[in-house]
Each structure stands twice: as structure tokens, then as C-alpha cells.
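Comments concern the structure below.
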Amino acid sequence: MANMSLKKVEINTRDPEERNKDFKEVVLGYTEEQAMEEAERCLQCKHKPCVKGCPVHVKIPEFIKLVAEGDFEGAYQKIKETNSLPAVCGRVCPQETQCEELCVRGIKGEPVAIGRLERFVADWHMKNIEDKKLNIKSNNKKVAIIGSGPAGLSCAGDLAKLGYKVTIFEAFHVAGGVLMYGIPEFRLPKAIVQKEIDSLKEMGVEIDTNMVIGRVFSINELKDKGYEAVFIGTGAGLPSFMGIPGENYNGVYTANEFLTRINLMKAYKFPESDTPVYVGKKVAVFGGGNVAMDAARSAKRLGAEDVYIVYRRSEEEMPARVEEVHHAKEEGIIFKLLSNPTRILGTEDGWVRAIECIDMELGEPDASGRRRPIPIEGSEKEIEVETVVIAIGQSPNPLIKATTEGLETHSWGGIIVDEATGATSIPGVYAGGDAVTGAATVILAMGAGKTAANAIDEYLTK
Amino acid sequence: MYKIIRKRILNSSVKSMDILAPKIAKKAEPGQFIILRVREDGERIPLTIADYDREEGTVTITFQEVGKTTMLLGNLEEGDNILDFVGPLGVPTNLEGYKKVAVIGGGLGAAIAYPQAKKIHSLGGEVHTIIGFRNKDIVILEEEMKAVSSKSFVTTDDGSYGKKGFVTDILKQLIDEGNDYDLVVAIGPLIMMKVVSDLTREYGIKTIVSMNPIMIDGTGMCGGCRVTVGGEVKFACVDGPDFDGHLIDFDEAMRRQGMYKEKEHKCRIGLGGN
Ligand SMILES: Cc1cc2nc3c(=O)[nH]c(=O)nc-3n(C[C@H](O)[C@H](O)[C@H](O)COP(=O)(O)OP(=O)(O)OC[C@H]3O[C@@H](n4cnc5c(N)ncnc54)[C@H](O)[C@@H]3O)c2cc1C
Ligand SMILES: Cc1cc2nc3c(=O)[nH]c(=O)nc-3n(C[C@H](O)[C@H](O)[C@H](O)COP(=O)(O)OP(=O)(O)OC[C@H]3O[C@@H](n4cnc5c(N)ncnc54)[C@H](O)[C@@H]3O)c2cc1C
Ligand code: SF4
Ligand code: SF4
Ligand code: FES
Numbered sequence: 003m004a005n006m007s008l009k010k011v012e013i014n015t016r017d018p019e020e021r022n023k024d025f026k027e028v029v030l031g032y033t034e035e036q037a038m039e040e041a042e043r044c045l046q047c048k049h050k051p052c053v054k055g056c057p058v059h060v061k062i063p064e065f066i067k068l069v070a071e072g073d074f075e076g077a078y079q080k081i082k083e084t085n086s087l088p089a090v091c092g093r094v095c096p097q098e099t100q101c102e103e104l105c106v107r108g109i110k111g112e113p114v115a116i117g118r119l120e121r122f123v124a125d126w127h128m129k130n131i132e133d134k135k136l137n138i139k140s141n142n143k144k145v146a147i148i149g150s151g152p153a154g155l156s157c158a159g160d161l162a163k164l165g166y167k168v169t170i171f172e173a174f175h176v177a178g179g180v181l182m183y184g185i186p187e188f189r190l191p192k193a194i195v196q197k198e199i200d201s202l203k204e205m206g207v208e209i210d211t212n213m214v215i216g217r218v219f220s221i222n223e224l225k226d227k228g229y230e231a232v233f234i235g236t237g238a239g240l241p242s243f244m245g246i247p248g249e250n251y252n253g254v255y256t257a258n259e260f261l262t263r264i265n266l267m268k269a270y271k272f273p274e275s276d277t278p279v280y281v282g283k284k285v286a287v288f289g290g291g292n293v294a295m296d297a298a299r300s301a302k303r304l305g306a307e308d309v310y311i312v313y314r315r316s317e318e319e320m321p322a323r324v325e326e327v328h329h330a331k332e333e334g335i336i337f338k339l340l341s342n343p344t345r346i347l348g349t350e351d352g353w354v355r356a357i358e359c360i361d362m363e364l365g366e367p368d369a370s371g372r373r374r375p376i377p378i379e380g381s382e383k384e385i386e387v388e389t390v391v392i393a394i395g396q397s398p399n400p401l402i403k404a405t406t407e408g409l410e411t412h413s414w415g416g417i418i419v420d421e422a423t424g425a426t427s428i429p430g431v432y433a434g435g436d437a438v439t440g441a442a443t444v445i446l447a448m449g450a451g452k453t454a455a456n457a458i459d460e461y462l463t464k
Numbered sequence: 138m139y140k141i142i143r144k145r146i147l148n149s150s151v152k153s154m155d156i157l158a159p160k161i162a163k164k165a166e167p168g169q170f171i172i173l174r175v176r177e178d179g180e181r182i183p184l185t186i187a188d189y190d191r192e193e194g195t196v197t198i199t200f201q202e203v204g205k206t207t208m209l210l211g212n213l214e215e216g217d218n219i220l221d222f223v224g225p226l227g228v229p230t231n232l233e234g235y236k237k238v239a240v241i242g243g244g245l246g247a248a249i250a251y252p253q254a255k256k257i258h259s260l261g262g263e264v265h266t267i268i269g270f271r272n273k274d275i276v277i278l279e280e281e282m283k284a285v286s287s288k289s290f291v292t293t294d295d296g297s298y299g300k301k302g303f304v305t306d307i308l309k310q311l312i313d314e315g316n317d318y319d320l321v322v323a324i325g326p327l328i329m330m331k332v333v334s335d336l337t338r339e340y341g342i343k344t345i346v347s348m349n350p351i352m353i354d355g356t357g358m359c360g361g362c363r364v365t366v367g368g369e370v371k372f373a374c375v376d377g378p379d380f381d382g383h384l385i386d387f388d389e390a391m392r393r394q395g396m397y398k399e400k401e402h403k404c405r406i407g408l409g410g411n
């Protein structure tokens with residue numbers, strides 16, 4: 003008999019006042035009993051609306067049924083059929099606009115907690131099951147993957163399973179892309195990402211770090227080295243600025259710099275680690291996406307007393323995951339909504355001292371379908387802060403484009419591909435993830451990596 | 138891991154190492170740099186490619202021990218390994234087609250300017266070099282510079298060696314004597330590059346300077362290395378590190394470079410030792 007509760011089974015979460023002082027994971031996950039109880043809420047709909055909402059079509063009712071029956075390993079194998087990073091996606095997918103948005107239980111009450119169940123299953127597997135060594139027969143064909151974010155990792159995994167000799171070239175000293183340097187430990191423990199990477203290595207995937215493609219080798223040179231196909235998964239790392247006065251004062255960071263110092267370089271352990279980060283007593287973060295939430299919550303954890311999210315629209319339009327906004331509020335982040343920064347003000351010796359913001363109101367919907375924010379004249383106010391983090395978006399890094407003759411891109415930098423295959427304008431060269439779409443989501447990047455892996459296999463076997 | 142093949146001590150705080158990194162050695166050009174990390178949990182720091190040997194597969198770095206990472210690096214010996222070594226990063230300096238060039242290095246900048254002087258010389262351009270130091274004890278690369286230039290000068294602030302005064306004094310003198318340089322390359326402390334650029338602006342001589350802001354990734358991703366050039370924001374790691382000295386906002390650059398001064402200094406005191 004289905005569990006007809008209108009609410010999701012509550013998930014164990016650490017106390018906000020305790021967790022906002024360290025970098026340990028906030029959400030603790032379901033127990034086996036809680037997972038089975040939540041799984042009972044699924045009605046096993048014949049037409050599976052939830053699956054249509056998932057970019058990689060996870061077999062949702064099927065895996066949830068196995069959870070309800072207590073067959074957690076069976077559920078894991080079911081998810082793995084289409085999703086190679088369930089422990090990651092269960093944690094970071096914006097479920098409320100994807101699988102859970104279309105869940106019939108959501109019409110009256112809360113949808114089935116698909117994301118939490120996915121996470122539970124993946125964590126259960128990691129804890130309890132030793133992965134069998136796959137017996138893969140090599141086909142001796144070499145493929146190069148540029149970038150080790152979710153797009154590159156999933157493309158590499160799928161190709162390795164098919165017997166390709168895959169090398170991932172990564173610019174940084176560790177693999178994982180945004181999963182390592184962007185999303186903080188308290189939301190996505192790095193050990194989980196590392197485990198996914200280790201399992202790729204076990205399949206024979208080589209990971210060559212410290213390799214900035216375009217500088218150390220060009221894409222053409224990779225082909226000369228015997229790589230028969232190349233996948234570009236270099237992400238969208240180029241930070242945007244607001245273009246307002248004062249952005250170069252000391253104490254103004256891009257979210258990329260702020261989060262890289264903290265996550266990748268472990269500045270939260272400074273001086274035990276060697277990289278510093280400067281966090282004032284009052285911090286303003288510009289933007290309303292996941293990146294902004296991560297920066298704000300990190301600043302709080304590093305000792306800032308007042309942390310403001312300054313966002314020019316209202317909460318409804320915020321692109322961040324609902325759960326992150328909720329957690330940020332619980333942790334004491336102050337939301338300055340319908341407010342747009344107009345200037346950063348500095349001290350005489352060049353440090354940030356305040357920001358000036360103008361109140362906004364919402365007008366007609368714009369091209370993105372969201373109501374356009376319009377400034378209210380004369381409503382400028384100053385807020386005292388010592389640190390500013392700009393988290394208003396990123397676009398693809400121009401390095402690959404600049405060093406690859408014949409690679410076609412949009413004017414904003416995204417690589418142009420055939421959507422069905424990921425093929426670029428150069429034969430044998432494929433691309434996917436944020437490098438193609440601009441800043442998007444983990445699951446879309448992963449899906450694009452899979453699509454390209456299939457297409458590369460077809461290209462190299464025909 | 139990247140092996141230290143040779144180590145040289147140039148003066149009390151400047152050391153030079155040849156690092157085995159064949160892929161980088163193969164591609165390196167003057168004006169480019171590498172980023173290294175000495176050890177786990179270490180900082181990523183940028184250092185200029187001071188020289189390279191494509192056949193041996195080595196890249197030379199010359200560095201001044203100013204803080205934690207450069208000191209850790211300086212403590213390593215021949216045969217030891219560096220954990221991470223990435224490059225070549227940045228845009229190579231375009232040195233082709235110049236007939237007469239003045240290359241100026243201030244302090245450690247002499248080491249960074251050397252590959253540029255060497256390259257111009259090898260391309261057949263006439264090179265005059267001026268390198269300046271605080272005092273006699275820290276003069277480096279005098280012989281090397283001499284070998285690639287038709288005129289070479291050393292200045293010291295206190296007159297303990299070479300000519301007393303600043304590099305700009307000599308440069309001004311040379312220009313006034315009728316040397317019609319079609320390019321000046323100036324590498325050293327920001328204040329020196331600023332003063333040189335101010336001088337050459339008066340004479341209308343094209344001037345290239347090498348900016349060394351704080352960097353993390355070196356691939357254009359963090360924006361920490363931003364400098365204002367001709368009113369536009371540029372990333373020194375991918376758009377530079379060389380820029381037109383007449384367009385740089387040096388005052389802003391000097392402020393930004395001091396960002397972590399206090400913080401790291403405090404920490405080192407906290408760690409005891411020095
Ligand atoms: C702070 C933050 C929080 C986020 N939160 C969420 C979330 O909660 N949910 C969600 O779904 N999405 C989230 N995202 C977005 C998501 O992380 C990205 O959409 C996703 O990581 C894109 O994957 P990718 O593989 O295309 O690129 P990336 O993850 O960006 O990886 C690209 C990799 O390529 C490397 N690279 C770049 N250039 C080169 C080169 N020339 N040579 C070699 N290597 C190169 C980079 O170093 C990097 O490792 C967040 C993003 C950020 C920054
Ligand atoms: C493109 C580029 C090329 C460079 N090439 C060389 C080189 O060939 N040889 C060399 O010795 N140095 C070079 N530098 C500077 C070098 O990166 C710094 O000296 C180094 O990062 C200091 O690290 P640290 O941990 O030892 O000192 P820290 O403890 O980080 O700093 C010690 C002191 O140095 C100052 N400092 C920090 N970073 C820089 C910087 N980027 N430039 C100047 N001062 C800084 C700090 O404010 C502080 O006062 C270069 C910098 C750039 C950006
Ligand atoms: S991968 Fe993401 S969208 Fe798909 S089912 Fe899992 S949580 Fe939902
Ligand atoms: S829509 Fe909801 S209830 Fe229906 S199968 Fe999917 S998860 Fe289960
Ligand atoms: S060092 Fe990060 S953008 Fe230049």
C-alpha cells in the first residue's frame with residue numbers, strides 16, 4: 003500500500019548554527035528505513051512523467067520500486083544504466099525543475115523525493131559494495147578528452163567501457179572540474195567526486211593533470227599523437243564582471259577566484275594550507291544562482307558576521323536550487339532582493355569599504371520569460387562591506403577557440419555543435435557541457451558527455 | 138612530479154633551477170611563464186620561463202625568496218621533485234622585426250628580461266641592456282646580458298657597483314645621445330616599469346612591460362590577475378603578461394599586488410622560525 007503522506011520523509015540535516023562554522027556536509031541523508039518509507043510514496047505511474055523531466059532519463063519508478071523492496075544494489079544498477087554520477091546528481095541536481103517538477107505526487111503535496119533517494123542509493127552502494135573489476139577488451143583506439151568536469155568524466159567512462167584507450171587532459175592539478183573547485187565540500191564532499199574519478203582510473207582511463215590544452219598541445223597535435231577523436235569538455239570558466247565602478251578594489255573577488263581559493267586550494271585550512279583568502283566582517287555577494295549561494299555560505303563559514311546576497315530580481319526568479327536558498331537562509335545569510343549594485347566604494351588605499359545599491363521593481367517579462375527588473379530612480383543606498391564576491395555568471399573560456407583553427411563558436415563563446423551528436427565543425431572533434439551551453443548544470447554536462455561518447459564510438463567504428 | 142636537474146645560487150635571495158619538463162620545454166617562448174606547486178596543500182605561484190633547453194627537456198626558473206612558497210622551493214636540492222609544474226602559459230612576446238631595442242631589467246627582472254634580450258639578439262636586432270640593482274651584492278646575470286648585447290650597463294642605487302643611479306638615468310642618456318630605439322622592453326618592480334614607461338612616452342618609443350599580478354589558475358578562470366590596460370580589464374595570465382607600458386594603470390596594479398601582504402606576513406610570524 004502506497005504511503006499517501008503529502009510530505010516527503012524529512013531528511014537529516016545538521017543544525018544551522020553548528021554547520022555554518024565548518025565545511026562538513028550539511029545534509030546527512032536518509033537511513034534505510036527512511037528511504038524505504040519515502041519510496042513507498044511513488045505511485046509507479048505507467049506513463050512515468052518524472053522520467054521526462056530528467057535530462058538523462060533515469061529509470062525512476064523502476065529504481066524506486068527496488069528501494070521500496072529493500073534491494074538497494076539493484077536500485078543502484080538501475081540508476082547506473084543511464085546516470086554515471088548518481089552520488090553527485092542526487093546532491094546537486096535542481097530536482098524541483100527537473101524530475102520532481104513533473105511527479106504526479108507534486109500536484110497535491112510534495113513530489114516524491116527522487117533526488118534524495120538517488121543519493122541514498124548511491125551512498126549505500128559506495129559504503130557497502132566493492133565494485134567488481136570490469137573485464138574490458140581494449141580496441142586499441144585512442145581518444146583524448148579535454149577537461150575533467152562532469153562532461154569529460156562521463157564521456158571518458160562510457161568510452162572506456164567500450165574498450166577505448168582514453169586520456170583526460172586537465173589544466174588544474176586535480177581532476178573533477180567545478181565539482182572540485184567550485185561546489186564546496188559542505189554540499190558535495192570531495193571524497194565522493196574522488197571516488198568517481200578513481201573508478202574511472204580503474205577502468206584504465208588515464209588522467210593527465212597540469213595540461214593546459216591550447217598551450218602545451220593544440221587539438222591538432224593531439225590528433226598527430228594518435229588520438230583518433232577528441233572531446234572538448236572545458237566548461238564555462240570565464241568570469242563576468244558587472245562593469246560598475248570599483249570592481250578592481252582590493253577585496254573584490256570573482257566567485258571563481260573566491261571558491262577556487264577555498265575549495266581547490268583549501269584556503270579554509272590556512273595557514274595549514276598555503277593559500278590565503280580575505281574575508282571581511284561584512285561580505286556582499288552579487289547574484290542569485292548556486293554559485294552565489296555557495297560563495298555566501300562559504301564566507302559565513304570563514305567567519306563573516308553579515309553576509310548579503312544582493313540580487314536584482316525577487317526570490318521567485320532566483321536560479322539557485324530551492325534547497326540551497328533554504329539552507330542559506332537557515333544559516334543566517336541576509337537576502338537583499340530587488341536590489342542592484344551600482345558602485346563599489348573604496349578607501350583611500352584601495353580597499354572595499356561599501357557598496358551602493360539601487361532598489362528595483364519587476365516589469366514585463368523579458369526574453370528569458372522572467373519579469374524584467376527596472377531600477378527605481380533615487381533609491382540608491384550604501385551598505386558597508388569589506389569583501390565583495392561577484393557571482394553573476396561565467397562564459398566559455400576562449401583559449402581552446404583561440405588556439406584551434408576551424409572551430410566554430412557563437413559570438414558569446416559557446417562551441418557550436420550538432421545537438422544529436424556533439425560534433426563540432428571539425429571532423430572527429432566533439433564537445434559538450436558548459437563549453438557548449440554556457441553555465442548550466444551537472445546533469446546536462448554529463449548527458450552531453452554520454453551523447454558524444456556514443457557518437458564518437460559510431461564515428462570510429464564505421 | 139618534476140625533477141630538479143640543476144640548482145644555482147645567484148645571490149643571497151635569488152636562486153635558479155633547471156626543471157625536467159620536456160613537454161613545456163618544447164613549446165616555451167620568451168615572455169611565457171609556468172605555474173608551480175611545491176607540495177600538497179601548497180600555493181600555486183607563477184614564475185617566468187627564464188630559459189629552456191628543448192633537447193634536454195628542461196625549463197629554467199629564476200626566483201627570489203620573498204615568502205613561504207619561494208622559500209620552500211629554494212630549500213629543495215638537485216634531484217628533488219616539484220609536485221606540479223604547468224605551462225607554458227601566457228602569450229609569447231612578439232620580438233620579430235625590431236632593429237634596435239633597449240632591454241631593461243630591475244632586480245630579479247634582469248632574469249626575466251634575459252630571454253627577451255637573447256631572442257632579439259638571435260633574430261639579428263641590436264640590443265642594449267641596462268640592469269639595475271639596489272647594491273653590489275645582489276647583481277645577477279651581468280655576463281649573460283653582456284653576451285647578447287652590443288652595449289650593456291649595470292646600475293646600483295647606492296653606487297657600490299656599476300653606475301650610481303636608476304636604470305632610467307642611463308636610458309634617458311642613451312636616447313639623448315641619439316640611439317633611436319624602435320622598442321623598449323622593461324621588466325622589474327612595478328614602480329620601475331612605471332617610471333620607464335613615463336620616460337619613453339615622452340619620446341614616443343613603444344614600450345613593453347611584463348605584469349606580475351597575483352595569479353591562481355593561469356588559464357583565465359579566476360580573474361584575480363586582472364589589470365586595467367587602456368581603460369579595459371585584461372587578464373595578465375592569458376592576455377599578457379606583456380602589455381603596452383603606456384596603457385597600464387600602474388597605480389591600481391600596485392595596490393592590487395599588496396592584497397595579501399599583511400595576511401601572509403602575519404601567518405609566517407605565527408609559524409615562528411622567521
Ligand atoms: C559554484 C558552482 C556551483 C554550482 N552548483 C550546481 C548545482 O548545485 N547543481 C548543478 O547541476 N550545477 C551546478 N553548477 C554548474 C555545474 O557545476 C556545471 O554546469 C558543470 O560542472 C559543467 O560541467 P563541464 O564538464 O561542462 O565543465 P566543468 O565542470 O567546468 O569542467 C571543465 C574542466 O575543464 C578544464 N579545462 C578548461 N580549459 C582547459 C584546457 N584548455 N585544457 C585542459 N583542461 C581545461 C577545467 O579546469 C575544468 O576542470 C555549479 C557551478 C558552480 C561554479
Ligand atoms: C607572470 C608572472 C611571472 C613571475 N615571474 C617571477 C620570476 O621569474 N621570479 C620570481 O621570483 N618571481 C616571479 N613572479 C612573482 C612570484 O610569483 C611571487 O614572488 C611569488 O608568488 C611569491 O610567493 P611566495 O609564497 O613565496 O610569497 P608570498 O608569501 O605569497 O608573498 C611574499 C611577498 O611577495 C609579494 N607578492 C606575492 N605575489 C606577488 C607577485 N605576483 N608579484 C610580486 N610580489 C608578490 C607579497 O605581497 C608579499 O609581500 C612572477 C609573477 C607573475 C604573475
Ligand atoms: S539525475 Fe537528476 S534529474 Fe535525473 S532523476 Fe536524478 S536527480 Fe532527477
Ligand atoms: S511521477 Fe512521481 S509517483 Fe509517478 S512514477 Fe514518477 S516518481 Fe513515482
Ligand atoms: S590567474 Fe586566474 S584569470 Fe589569470
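Protein sequence lines correspond, in order, to chains A and B.
One gets the numbering used here by counting positions in the first sequence from 1 and adding 2 to each.
One gets the numbering used here by counting positions in the second sequence from 1 and adding 137 to each.
Ideal placement from N, C-alpha and C gives every residue a C-beta, glycine not left out.
Considering only residues of the same chain and omitting the five flanking positions on each side of residue i, which have a CB-CB separation below 7 angstroms?
| i | result |
| --- | --- |
| Ala158 (chain A) | Ile147, Val168, Ile170, Leu202 and Val207 |
| Asp188 (chain B) | Thr197 and Pro252 |
| Ile335 (chain A) | Ala298, Arg299, Lys302, Val309 and Ile311 |
| Gln46 (chain A) | Pro63 and Lys67 |
| Tyr461 (chain A) | Ala231 and Gly430 |
| Gly352 (chain A) | Tyr251 and Asn252 |
Mapping DSSP to helix, strand and coil, what is residue i?
| i | result |
| --- | --- |
| Val1 (chain A) | Only positions 3 to 464 of chain A appear in the structure, and residue 1 (chain A) is not among them; the question remains open. |
| Asp221 (chain B) | strand |
| Leu224 (chain A) | helix |
| Tyr78 (chain A) | helix |
| Val387 (chain A) | coil |
| Trp414 (chain A) | coil |
| Lys144 (chain B) | strand |
| Ile406 (chain B) | Note that Ile406 (chain B) has pLDDT 32, beneath the 50 cutoff, so the model's placement of it is unreliable and no number is given. |
Under 8 angstroms between beta-carbons, which chain A residues line up against residue i? List them in chain order, please.
| i | result |
| --- | --- |
| Ile397 (chain B) | Contrary to the premise, residue 397 (chain B) reads as Tyr rather than Ile in this sequence. Going along chain A in sequence order, the residues near Tyr397 (chain B) (Cβ under 8 angstroms) are Pro278 and Tyr280. |
| Val203 (chain B) | What Val203 (chain B) touches in chain A: nothing, since even the nearest Cβ is about 14 angstroms away. |
Who are the Cβ neighbours of residue i in its own chain at under 8 angstroms, not counting the five residues just before and after it?
| i | result |
| --- | --- |
| Lys135 (chain A) | Glu204 |
| Leu408 (chain B) | Its pLDDT being 32, under 50, Leu408 (chain B) is placed unreliably by the model, and nothing is read from it. |
With respect to 7 angstroms, is the separation between the Cβ of residue i and the closest non-hydrogen atom of ligand 2 below this value?
| i | result |
| --- | --- |
| Leu245 (chain B) | yes |
Can you determine whether any heavy atom of ligand 4 sits closer than 7 angstroms to the C-beta of residue i, and answer yes or no?
| i | result |
| --- | --- |
| Gln97 (chain A) | no |
| Val106 (chain A) | yes |
Does the distance between the C-beta of residue i and the nearest non-hydrogen atom of ligand 3 fall short of 7 angstroms?
| i | result |
| --- | --- |
| Ile116 (chain A) | yes |
| Cys157 (chain A) | no |
Could you tell me which chain A residues have their CB closer than 7 angstroms to the CB of residue i, listed as they occur along the chain?
| i | result |
| --- | --- |
| Pro326 (chain B) | Here the premise fails: no neighbours, minimum Cβ distance about 18 angstroms. |
| Ile161 (chain B) | Val218 |
Please compile the residues from chain B whose C-beta is within a distance smaller than 9 angstroms of the C-beta of residue i.
| i | result |
| --- | --- |
| Leu202 (chain A) | Residues of chain B passing the Cβ test: none, with the nearest at roughly 20 angstroms. |
Residues of chain B with a CB under 7 angstroms from the CB of residue i: which are they?
| i | result |
| --- | --- |
| Ser275 (chain A) | Asp178 |
| Lys268 (chain A) | Asp178 |
| Thr256 (chain A) | Cys359 and Gly360 |
| Leu364 (chain A) | Residues of chain B passing the Cβ test: none, with the nearest at roughly 30 angstroms. |
Does any heavy atom of ligand 1 sit closer than 7 angstroms to the C-beta of residue i?
| i | result |
| --- | --- |
| Asp1 (chain A) | Past the edges of chain A, shown from 3 to 464, lies residue 1 (chain A), and the structure says nothing about it. |
| Val145 (chain A) | no |
| Ala437 (chain A) | yes |
By Cβ distance, which residues of its chain are closer than 6 angstroms to residue i, with the 5 residues on each side in sequence left out?
| i | result |
| --- | --- |
| Ala454 (chain A) | Cys157, Phe233, Gly424, Tyr432 and Gly434 |
| Lys268 (chain A) | Ser275 |
| Gly289 (chain A) | Ala393 and Ile394 |
| Lys283 (chain B) | Ser289 |
Against residue i, what residues of chain B qualify as contacts under a CB-to-CB distance less than 8 angstroms, listed in chain order?
| i | result |
| --- | --- |
| His175 (chain A) | Arg174, Arg181, Leu220, Asp221 and Val223 |
| said: Quick check on the contact list: which residues have their beta carbon closer than 7 angstroms to a heavy atom of ligand 5? | reply: Ordered by chain, the residues meeting the criterion of a beta-carbon within less than 7 angstroms of a non-hydrogen atom of ligand 5 are A:Glu259, B:Met352, B:Ile353, B:Asp354, B:Gly355, B:Thr356, B:Gly357, B:Met358, B:Cys359, B:Gly360, B:Gly361, B:Cys362, B:Phe372, B:Ala373, B:Cys374 and B:Val375.
| message | Residues of the segment 224-254 of chain A in Cβ contact with chain D at a cutoff of 7 angstroms, in chain order, please. | response | Looking at the structure shown, chain D is missing, and the protein chains on hand are A and B.
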